[in-house]
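Trainee: Here it is, the structure in full.
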Amino acid sequence: MPEKKRGNALGLWFFRISLRLFGLSGAYGLLYFVCLYYLLFDRRAVSSAMAYAERRFRTFNTFRKYYAVYRLFVSQGKNLIDRHYIISGLGRFDIELQGYDRIKSLFNDSRKGVILLTAHVGNWQVTMTALEKLGKKVYLLMSPEENAAVRNSLNIDEENEKVRIISPDNFLGGVVEIMKAIDEGDIVSIMGDRSYGHSTAEVNLMGEKAYFPYSAFSIAAAAGCPVVVLLTAKTATKKYFVDISCVIEPKLTSRARKREELAGYVQEYANALEKYSGTYPFQWFLFHDIWKDEGNKRRI
5 MPEKKRGNAL GLWFFRISLR LFGLSGAYGL LYFVCLYYLL FDRRAVSSAM
55 AYAERRFRTF NTFRKYYAVY RLFVSQGKNL IDRHYIISGL GRFDIELQGY
105 DRIKSLFNDS RKGVILLTAH VGNWQVTMTA LEKLGKKVYL LMSPEENAAV
155 RNSLNIDEEN EKVRIISPDN FLGGVVEIMK AIDEGDIVSI MGDRSYGHST
205 AEVNLMGEKA YFPYSAFSIA AAAGCPVVVL LTAKTATKKY FVDISCVIEP
255 KLTSRARKRE ELAGYVQEYA NALEKYSGTY PFQWFLFHDI WKDEGNKRRI
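Positions 5 to 304 (my numbering) are the ones given, in order, by the sequence shown.
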């Protein structure tokens, strides 16, 4: 069954009008009522968020865990409003970027591009603008059904020369296009904290076994390029923190050790996310039980 899409045209219109009339703070104020409705009446949304809350806030009692879910809803809502705010040209955000010099040196030292491994944290779409000064094209690996929302959120159209879409439904999962973009020295952005039915590696996350896709590391090893982990967080009403200092350079030494080596790289990524969630616990919008073994027979 396809995942239910939340929100409607009237509700989105109401938020847009509120944003123009009352600014960010005014639009944020509406979220507390809307998110309370979802907390009380959308069992599916609450259940999907609770998988994370149960593990991130182990010492909380039941009431505090539900309140944590509520805060996650509000935090995500603020990020969605911020996305519209910047796209509509109503203003910009101050962005503190950590790790830029390291990434710049990677491009200076090699003609290859990089894989930018993102996650459902902070507001990676808005903070992607921080990478504009690298002067590289950015390719987003996105499923076709997500393209409309992505185009709206990032203002992507067919004429956009800086941000383009690669569909995983293409031949070989889009690998041909990904390898071409990397060979041309560009950036390929891949979401790394949900498998969407693809092969996974078992990692330790918050004291339990979890399952993350490993394709980004497998492709990077084959292409001979690094994986740059992108982590973002909203730190004030008009400020974001962007961390791209975590660089993983996958290398596979032999076929016999491929499974072990790939799992090790995925664990590095999981460690970075766990550390991030300790600092910004209400900004990982996972909303999916990645600790549940869904019977993926292709798991390594």
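Using N, Cα and C, we set each Cβ at its ideal position, and we do this for glycine too.
Distance, Cα to Cα, residue 129 vs residue 241?
Mentor: In a straight line, the C-alpha of residue 129 is about 17 Å away from that of residue 241.
Trainee: My assumption, with CB atoms under 8 Å, is that residue 167 sits in contact with residue 144. Please give the rounded CB distance.
Mentor: Between residue 144 and residue 167 the Cβ distance is about 7 Å, and since that is below 8 Å, they are a contact.
Trainee: Can you name the residues that DSSP bridges to residue 226?
Mentor: Paired residue(s): none; residue 226 is not in a bridge.
Trainee: Look at the Cβ atom of residue 140, then the Cβ atom of residue 191, and state whether they are nearer than 7 Å.
Mentor: Yes; because the gap between Cβ atoms is below 7 Å, this pair is in contact.
Trainee: Quick check: residue 34 and residue 53, are their CB atoms within less than 7 Å of each other?
Mentor: No, they are not a contact pair.
Trainee: Based on the DSSP secondary-structure assignment, which residues constitute the bridge partners of residue 245?
Mentor: Partner(s): 100, 237.
Trainee: Can you find the residues in the same chain that come closer than 6 Å, C-beta to C-beta, to residue 272, ignoring five residues on each side of it along the sequence?
Mentor: Hits under 6 Å: 252.
Trainee: Under 8 Å Cβ to Cβ from residue 7, same chain only, skipping five residues before and after it: list those, please.
Mentor: For residue 7, the predicted model reports a pLDDT of 47, less than 50, meaning its position is unreliable; a value from the coordinates is still stated below. Cβ neighbours of residue 7 beyond the five flanking positions: none.
Trainee: Is there contact here, the stretch 246 to 266 with the stretch 221 to 235, by at least three beta-carbon pairs under 8 Å?
Mentor: Touching, yes.
Trainee: Starting from residue 143 and walking both ways along the beta strand (DSSP E), at which residues does that stretch end?
Mentor: Segment 142 to 145, the beta strand (DSSP E) holding residue 143.
Trainee: Just how far apart, CA to CA, sit residue 228 and residue 119?
Mentor: Whole-angstrom Cα-Cα distance: 10 Å.
Trainee: Are there 16 or more other CB atoms within 10 angstroms of the CB of residue 259, so buried, or fewer, so exposed?
Mentor: Residue 259 should be labelled exposed.
Trainee: Count the other CB atoms, across all protein chains shown, that sit within 10 Å of the CB of residue 162; report buried if there are 16 or more and exposed otherwise.
Mentor: Residue confidence for residue 162 is low, a pLDDT of 48 falling below 50, so the modelled location carries little weight; the figure read from the coordinates is stated next. Answer is exposed; the Cβ neighbour count stays below 16.
Trainee: For residue 276, which residues of its own chain have a beta-carbon under 8 Å away from its beta-carbon, when the five flanking residues on both sides are left out?
Mentor: Closer than 8 Å at the Cβ level, and outside the excluded window around residue 276, lie 233, 235, 250.
Trainee: Determine the contact status of residue 134 and residue 99, defining contact as a CB-CB distance below 7 Å.
Mentor: For residue 134 and residue 99, yes; Cβs fall inside 7 Å.
Trainee: Have a look at residue 58 and residue 95 and give me their C-alpha separation to the nearest angstrom.
Mentor: Approximately 37 Å between the Cα atoms of the pair.
Trainee: In chain order, what residues of the same chain lie with their CB nearer than 6 Å to the CB of residue 195, ignoring the 5 residues before and after it?
Mentor: Correct list, in chain order: 122.
Trainee: According to DSSP, residue 119 sits in a beta bridge with which residue or residues?
Mentor: BP columns for residue 119 point to 192, 231.
Trainee: From this set, 180, 41, 113, 28, which residue's C-alpha is nearest residue 83's C-alpha?
Mentor: The shortest Cα separation from residue 83 among 180, 41, 113, 28 belongs to 28.
Trainee: From residue 93 to residue 65, what does the alpha carbon distance come to, in whole angstroms?
Mentor: Taking the straight line from one Cα to the other gives about 43 Å.
Trainee: Taking Cβ to Cβ, would you say residue 115 is nearer than 7 Å to residue 189?
Mentor: Yes; because the gap between Cβ atoms is below 7 Å, this pair is in contact.
Trainee: Got a sec? Which residues, its chain only, sit under 7 Å from residue 39 by beta carbon, not counting five neighbours each side?
Mentor: Within the same chain, residue 39 has close Cβ partners 74, 77, 78, 81.
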